[in-house]
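For reference, the structure discussed in these notes is given below.
Numbering (my numbering), first residue to last: 615 to 836.
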């Protein structure tokens, strides 16, 4: 097809999709770069490139492509700001991560809970309280979204374990109540890397936090 239609960006998108399925992310990036060279306003492909770099743990390269997208597509910045926050978090620039999550919330139509959850995660690992106005806003907006509330609850449990020095019996009670409330749900699309990296740096409560995260990771399959 490419020999006949070398400018057919959709074919390169299909090729990139296949490479992603095969977990050949470098090849996927190469195909996607051809897409945006042929069609610079194919904005979804910029997100796809950033995600491929994220998977390869090349976070600075992901940030570079996302910064390009901010300029190219100023009318749809909510998702891009959120993704930039994720990348800054992965390179330990937590203040910048927080700034971009807040920008994402400001740009959002208040239907996407991800930047809120990501902000709470940053607060957890930097030992800052969850900001009350954000918690209130989040709960009001997403009170009927059980997945969003479940994710917030999981971070709240980790916060309690980290700050309250709960014994094993108390932790097991928290997790049992969590299982009862959220049975049948799953942590769809959740990336555990940032939390696991944080836990590995802990001197106190490390084992209890690891146990809780293991519980949440297996919750998908319960």
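No residue lacks a Cβ here, since even glycine has one placed at the ideal position from N, Cα and C.
In this structure, residue 772 sits near residue 826, with a CB-CB distance shorter than 8 Å. Residue 812 sits in a helix when the DSSP states are folded into three classes. Secondary structure of residue 689 (DSSP, three-state): coil.
Closest in alpha carbon position to residue 797, among 764, 710, 693, 776, is 764. Contact between the segment 731-748 and the segment 783-795 is absent, with fewer than three C-beta pairs closer than 8 Å. About 5 Å separates the beta carbon of residue 667 from that of residue 675, a gap short enough to meet the 8 Å contact definition. In the three-state DSSP reduction, residue 805 falls in the coil class, being neither helix nor strand.
Between residue 801 and residue 830, the gap from beta carbon to beta carbon is short of 8 Å. Taking the Cβ atoms as the reference, residue 680 lies roughly 6 Å from residue 697, within the contact range of under 8 Å.
Just so you know, the alpha carbons of residue 652 and residue 694 end up roughly 21 Å apart. In this structure, 776 is the residue among 776, 806, 833, 724 with its C-alpha nearest to the C-alpha of residue 817. Between the alpha carbons of residue 661 and residue 810 lies a distance of about 25 Å. Considering only 814, 803, 769, the residue with the shortest C-alpha distance to residue 742 is 769. In the DSSP assignment, residue 729 falls within the unbroken alpha helix (DSSP H) covering 728-739.
Just measuring C-alpha positions, the residue of 721, 724, 690, 672 sitting nearest residue 704 is 672. Rounded to whole angstroms, the gap between the alpha carbons of residue 701 and residue 711 is 7 Å. One thing to note: residue 692 has its Cβ within 8 Å of the Cβ of residue 722. In its chain, beyond the 5 residues on either side, 623, 649, 650 have a beta carbon closer than 7 Å to the beta carbon of residue 656.
Around the beta-carbon of residue 724, fewer than 16 other beta-carbon atoms lie within 10 Å, marking it exposed. In its chain, beyond the 5 residues on either side, 772, 775, 776, 813, 816 have a beta carbon closer than 8 Å to the beta carbon of residue 823. Rounded to whole angstroms, the gap between the alpha carbons of residue 751 and residue 727 is 11 Å.
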